[in-house]
Every structure is written in C-alpha cells, then in structure tokens.
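A.B. asks: Residue numbers (the numbering used here): 6 to 215.
The C-beta atom is built at its ideal place from N, Cα and C for all residues, glycine as well.
I have a structure here, written as structure tokens, and I will follow up with some questions on it.
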C-alpha cells in the first residue's frame, strides 16, 4: 500500500518553468505551438492548484525573448511573481536561479521549457551531477526540430532524467479522486485545457447531474 518514492507529490519537488517566451516559441518545430501552450497551462495550473514550489525563469526578456506565454501569466502573474531573468542558457549556471531552486530544499527537480536541447538539458544534467532526482515534462518542452527534441530527451534519459507528460504530472499530484479539496480545481483545469480528456470529464459531470 506504500507508494513508490519515485512518484511526484506536491511537496517533494520544485518545478522550474524555463523560457516560455515568444522568441523561443517562434523557432520551435518539434511540437505545435497550440499544443505546447495547452500543455504549459496544464502544468502551470497543476503547480498552482497543489501549491508546488515553482520558479519561472526567462532569458533576456526585455531585450530579446519577450514576455512569457499568457498561460504562465494566468497562474503566475508577473506583477505578483518573481520571474528570474538570466543571461545564461543553462539556468543552473545563473546564481540567482540556482539559489532559488536549491533553497527550496527539495530532492526532486522538475523541468519544462524551451528549448529542450539547450535550456532543459543544461540544468537537467547539472542538477543530476549534484545528486538531485530530475524529471522533464517532455510534452511541455520543444526544440527547433523533432530531431533536436528527441535527441535531447534521449540524452537526458540515458543520463538518468525521468520523462513525464503534462497530464501525467497533474494526475500524479492528484493521485486520489477522494481528495476533494483539489478535485474541482483539477477537473475544471482539465475541462479548459485537457482536450478530449477534458471533454470526457465535462460529459461525465453532465450525465451524472441529469
């Protein structure tokens, strides 16, 4: 009856959202931008619902990369959230970002962002080398080509990074539908962003209520 320690819980990890910005998205070809935005909304919404320690970091926001996706702003408005802007491609090499991540005191680091082969591989391998358990939400990452994304994921997996997907991340945090305090926010998030799964939830709720 005891769950695996490999499973993610709301309080055992820090989520790092990296460079979800316009300039990075323009060149992303490994995933459609609509799907990427939807998956970003799912993980940002999940982290907010479950009060996960979450860090939003950007690269050259004012001078080059532009503002973050609206789906990040929806759950982490810049006016009330401390976005960490960097010059380094590897978040782990930025002192402020590194301190923000490691100060959370979590053994697990979960990464998502753009691009997979640079801005995800860098902190993933760096965190691994310091003894962290690292997870990458691969369908909330993207790169300039399918080849670039897939090779980056392979490289990370071969090094010990654990791949997950956006809906998997959300449901792993919920884990039990009897957890009523998060049931409604989670199903509402899925109705809005969950594609066919969300439509199924909407249908089920409608049929039960009639």
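Would you kindly work out how many angstroms separate the C-alpha atoms of residue 90 and residue 213, rounded to a whole number?
C.D. replies: 47 angstroms
A.B. asks: Could you work out which residue in 129, 111, 152 and 109 is closest to residue 118 when comparing CA atoms only?
C.D. replies: 129
A.B. asks: Does the pairing of the stretch 9–19 with the stretch 32–49 give three or more beta-carbon distances under 8 angstroms?
C.D. replies: Per the Cβ contact rule, the stretch 9–19 is not in contact with the stretch 32–49 (fewer than 3 Cβ pairs under 8 angstroms).
A.B. asks: Which residues mark the beginning and the end of the beta strand (DSSP E) in which residue 168 is found?
C.D. replies: 167–169 is the extent of the beta strand (DSSP E) around residue 168.
A.B. asks: Helix, strand or coil: how does DSSP classify residue 138 here?
C.D. replies: strand
A.B. asks: Per DSSP, what are the beta-bridge partners of residue 124 in this structure?
C.D. replies: None; residue 124 has no bridge partner.
A.B. asks: Do residue 122 and residue 154 come within 8 angstroms of each other at the CB atom, strictly closer than that value?
C.D. replies: yes
A.B. asks: Using the Cα positions of residue 53 and residue 175, report the straight-line distance between them to the nearest angstrom.
C.D. replies: 11 angstroms
A.B. asks: Between the stretch 21–38 and the stretch 58–74, do three or more beta carbon pairs fall short of 8 angstroms?
C.D. replies: yes
A.B. asks: Just verifying my parser: in three-state terms, what is the DSSP assignment at residue 59?
C.D. replies: strand
A.B. asks: Examine the Cβ distances between the stretch 34–43 and the stretch 143–151 and report whether three or more of them are shorter than 8 angstroms.
C.D. replies: The stretch 34–43 is in contact with the stretch 143–151.
A.B. asks: Quick one: residues in its chain with C-beta nearer than 8 angstroms to the C-beta of residue 113, no 5 flanking neighbours on either side, listed in chain order?
C.D. replies: Leaving aside the five residues that flank residue 113 on each side, the residues in its chain whose CB is nearer than 8 angstroms to its CB run, in chain order, 13, 17, 18, 19, 137, 138, 139 and 140.
A.B. asks: From what residue to what residue does the beta strand (DSSP E) around residue 197 run?
C.D. replies: Unbroken run through residue 197 is the alpha helix (DSSP H), 185–198; no beta strand (DSSP E).
A.B. asks: Among 40, 65 and 80, which one has its Cα closest to the Cα of residue 59?
C.D. replies: 80
A.B. asks: When the Cα of residue 172 is compared with those of 11, 21 and 41, which residue comes out closest?
C.D. replies: 41
A.B. asks: So the candidates are 180, 205, 193 and 201; which of them puts its Cα closest to the Cα of residue 7?
C.D. replies: 180
A.B. asks: Answer yes or no: does any C-beta atom of chain B fall closer than 8 angstroms to that of residue 55?
C.D. replies: In summary, chain B is missing from the structure at hand, where a single protein chain is found.
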